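Residue 1 is where the sequence shown starts when you use the UniProt record's numbering, and the numbers rise one by one after that.
Single-structure report; data block below.
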Amino acid sequence: MLPQEIILSACSTSTPGAGPSRPNTSLVPSIQAHDLLTCLPLHSYKSSTSALHSLSYVPSRNGQGGTIMAVQENKSLLYVWAWQKDQMLSKLHLPDKLTCFSISPNGVWATGGSPGGQIYLWELASGTLLSSFSAHYRQVVSLTFTPDSRLLLSASLDGSIHIHLVARLAEADHLGKPYGTLRDHTLAIRDVVVGKTSGVHGGRCWTISDDGTVKMWDLHPPFDLLCTFSLTPASIPTALVVDSSERFFYVSTSNGDIFYVPLFRRRDEVGGLGAVEAVGGGVFGSSAVKLEGGRVISLKTAITALALSITASHLLVGTVAGTVQIHSLPSHQHLSTISLPGPCSYISTLPRPPDMPVGPSTTTKDLWPVMEVKPLERVKNPPSWRTREASILLRADLDRLDSLRSVPVTKGNCAGLSVAVESQGTRYSLTEEKLRVLQEENTALREGLERATRINETMWRSIVDGVVESESS
C-alpha cells in the first residue's frame, strides 16, 4: 500500500510583479496540508505569511519528528512548527529580513538570503552561524540545495547563479568565493530547479529569468550551458517544475499560460543511431529551442508556483488569486481547486509524515519526540565554532518484540500473537526439560556401553583360557 500523499501550501500577503490579488479573507493565513486525491484539509499550521522561496521543512524520520520553518514576510522572524501540532513551536530572530530560506535535504544546514545579496549558513543542531558573506550585489531570490546536500545554488536579481560547496562554506576561514557561476541570463533570475540525481558529482539544473528563457545547465565543472528554451514574446516565466525522471518540465508565465516541454524527442532523420534523442544533448550551447505550440493550460490570472505529484500523475498550479488548481496528467484536465487566504507562495507534495495527527483520537503517547531547534545566531562568533553544542536524539536499543509484549493480548485479539507471547515465557523451561532428557539418554548409553564391555571381556577370557588349556594338555 502506497503512503498517503499530501499537498503542503503557503500564502503571502502580496506577490511582487504579479498584479492585484483577491485573497479569501474568510480564511486565516496559515500553512495548510491537504490530501492530494480528495483535497480534504488534513492540518493547518497557524499563523503564517511567507514570500516566495521562504518555506522549507525537515521530514520526520528515524523516530524523530520533523519541523516546518517559514520566514515571515517583511519580518526578521523565522516561525517553526512541528508536524504534530498546529500551534507554533518556536519563534526565532534572524539577522535580517530574509528574502529566501532553505533547509538541506539531510536536515543539517539552513541558509537564508537577504535583500542586499548576503547569504547566511547555519547548523540546525546547534544554531551556529557558520558563514555570512556577500554573494550578490542585488537581492537573493532563491537558495537551492542539491539532493546530496553538498552543493548550494544561489540566484539573484543581478542575473547570476552562484554554485557553492557547502563543505567550504562551513570552514571558519571561508571568504565566500563560489565554486562556479552560471552566467548567460541577461535579466533577473526567478527560479532554480535541480534534478533528483544532481550533486557534487554532476547532474543538471534549470533556471528561468525575466529575459524570457529557460536554460539547462551541467552541474559538473566547467558548468556548461546545455540548452536554451525561448518563450513566446512578451512572456515572462514565473515558476518551473521538472519531472523527477527528467523527462519533461512545465514552465508558467505571468500571463497565466503553462508550457509543457519534453526533454526527449524522436529523431527526424532516417538511419539514426536511436529512435529517441535528448533535447539539447547534442552540442554544448546549441541554438535556442523555441516553445511554440507547447501551451497546455491557460488561466486568467498570474501563476506563482508549480509542483508535480510524486508519481507525476498530477500538476499543481498556485495562482496570485489565492487558489491551488490540480490538473490530471497527461490529459491536463482540471480536477479540483483549493482556496488559500492569499496569493500562493509555496506548493509541494510529500508522503504524509508518520507523526502527523490522524484525528482527535491521537494521544501524546503516539507522538514522536520533535527535533530540537535552537536559536539561530545573528552574528558570527568565532569562539562558538569550537564550543558549540549539537543536539542528537539517542534512542534505546530495544528488542523488536518489546512492543508486542507491551500490548494486552486477549482471546479475540490475536490468537497467533498469544501463542508467540506465551512461548516466549516458557522458552527457558523447555530448554531445561530438553537438557534433562539428554542427560538421561547419555547416562543410559554409558551404562549400556559398560555392560557390553564387561560381556566382551568375559567372552574373550573364556576363549583364551580354553585355548591355553588345550595346548597344555
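For glycine and all other residues, C-beta sits at the position ideal for the given N, C-alpha and C.
All figures in this text were calculated on a predicted structure; none of them were measured in a lab.
### Message
Using 8 Å as the threshold, is the C-beta distance between residue 496 and T128 below it?
### Response
Here the chain covers residues 1 to 473 and nothing more, so residue 496 does not appear.
### Message
Using 8 Å for Cβ pairs, my map puts L340 next to C11. What's the rounded Cβ distance?
### Response
4 Å
### Selection from G195, D173, V200 and L187 that minimises the alpha carbon distance to G180
V200
### Q72, buried or exposed, once every other Cβ within 10 Å from all chains shown has been counted against 16
buried
### Query
Counting Cβ pairs closer than 8 Å, one from the region 306–319 and one from the region 236–249, do we hit at least three?
yes
### Task
Write down the C-beta distance between P115 and G342 rounded to the nearest angstrom, noting that I regard them as a contact closer than 8 Å.
About 21 Å separates the Cβ atoms of P115 and G342, ruling out a contact at the 8 Å cut-off.
#### Entry: Per-residue burial, L8 [other beta carbons within 10 Å of its own, 16 or more giving buried]
buried
### Query
From the DSSP output, which residues share a beta bridge with S264?
Looking at the sequence shown, residue 264 is not Ser but Phe. Beta-bridge pairing links F264 to A278.
#### Entry: Collapsed DSSP secondary structure at L439 in the structure displayed
Sequence inspection shows Gln at residue 439; the Leu mentioned does not correspond to that position. In this structure, Q439 counts as helix in the three-state DSSP scheme.
### Message
Can you find the residues in the same chain that come closer than 8 Å, C-beta to C-beta, to G202, ignoring five residues on each side of it along the sequence?
### Response
D218, L219 and H220
### Task
Please go through the same chain and pick out, in chain order, the residues whose beta-carbon is closer than 8 Å to the beta-carbon of L42, but skip the five residues on each side of it.
Counting only residues of its own chain and dropping the five nearest sequence neighbours on each side, L42 has a CB closer than 8 Å to the CB of I6, A33, H34, D35, R352 and M356.
### Message
Let me check understanding here. Comparing Cα to Cα, which of F259, F101 and A172 lies closest to V289?
### Response
F259
#### Entry: Alpha carbon of L151 to alpha carbon of L143, nearest angstrom
Looking at the backbone, the Cα of L151 and that of L143 are separated by about 10 Å.
### Task
Could you pull the start and end residues of the alpha helix (DSSP H) that Q312 belongs to?
Note that residue 312 corresponds to Ala in the displayed sequence, not to Gln. That residue, A312, is in no alpha helix (DSSP H); it is neither H nor E in DSSP.
### Message
Between which residues of its own chain and K46 is the CB-CB distance below 7 Å, once the five residues before and five after are set aside?
### Response
V28, S30 and D86
### Query
chain C beta carbons: is any one of them nearer than 8 Å to that of A444?
Absent from the structure: chain C. Only one protein chain is present.
#### Entry: Local Cβ density within 10 Å of M69, reported as buried at 16 or more and exposed below that
buried
### Task
Note the first and the last residue of the continuous alpha helix (DSSP H) segment covering L187.
Looking at the DSSP string, L187 is not in any alpha helix (DSSP H), and its letter there is neither H nor E.
### Query
Skipping 5 residues on each side, what residues in its chain have a beta carbon closer than 6 Å to that of T146?
Beyond the five residues adjoining it in sequence on each side, T146 comes within less than 6 Å, by CB distance, of V194, S198 and G199 in the same chain, given in chain order.
### Beta-carbon spacing of G318, A305 below 8 Å
yes
### Query
Roughly how many angstroms lie between the CA atoms of N442 and M371, to the nearest whole one?
60 Å
### Message
Quick check: what's the CA-CA separation for K411 versus T67?
### Response
In this predicted model, K411 has a pLDDT of only 49, less than 50, meaning its place in the structure is not dependable; the value taken from the coordinates is given anyway. If you take the alpha carbons of K411 and T67, they lie about 41 Å apart.
### Query
In the structure shown, what three-state DSSP assignment does M69 receive?
M69 sits in a strand when the DSSP states are folded into three classes.
### Task
Out of S254, A278 and N255, point me to the one whose CA is closest to P262's CA.
It is A278.
### Query
Distance, Cα to Cα, L329 vs V242?
14 Å
#### Entry: Best match in P237, L130, E292 and P369 for proximity to N381 [C-alpha to C-alpha]
L130
### Complete runs of the beta strand (DSSP E) confined to the region 133–218 [at least 3 residues]
Runs found: 140–145, 151–156, 161–165, 180–182, 189–194, 204–209 and 213–218.
### Task
Less than 8 Å between the CB atoms is what I'm expecting for V140 and I163, so what's the real figure, rounded?
Contact flag wrong, Cβ pair sits at about 14 Å.
### Query
DSSP puts W122 in a beta bridge; with which residues?
DSSP links W122 through a beta bridge to A110 and L129.
### Query
Under 8 Å between the Cβ atoms of W368 and S132?
No, these two residues do not count as a Cβ contact at 8 Å.
#### Entry: Cβ-Cβ distance between L94 and L78 below 8 Å
yes
#### Entry: T13 to C344 span [Cα, whole Å]
Rounded to whole angstroms, the separation of the alpha carbons of C344 and T13 is 9 Å.
### Query
Leaving out five residues before and five after S44 in sequence, what residues of the same chain have Cβ atoms less than 6 Å from its Cβ?
S30, Q32 and D86
### Task
Name the residue from P222, I236 and L231 whose alpha carbon lies nearest to the alpha carbon of G294.
L231
### Query
Straight-line CA distance for N106 to G212?
Rounded to whole angstroms, N106 to G212 spans 34 Å at the Cα level.
### Task
Look at T207 and K215 and say whether their C-beta atoms are less than 8 Å apart.
yes
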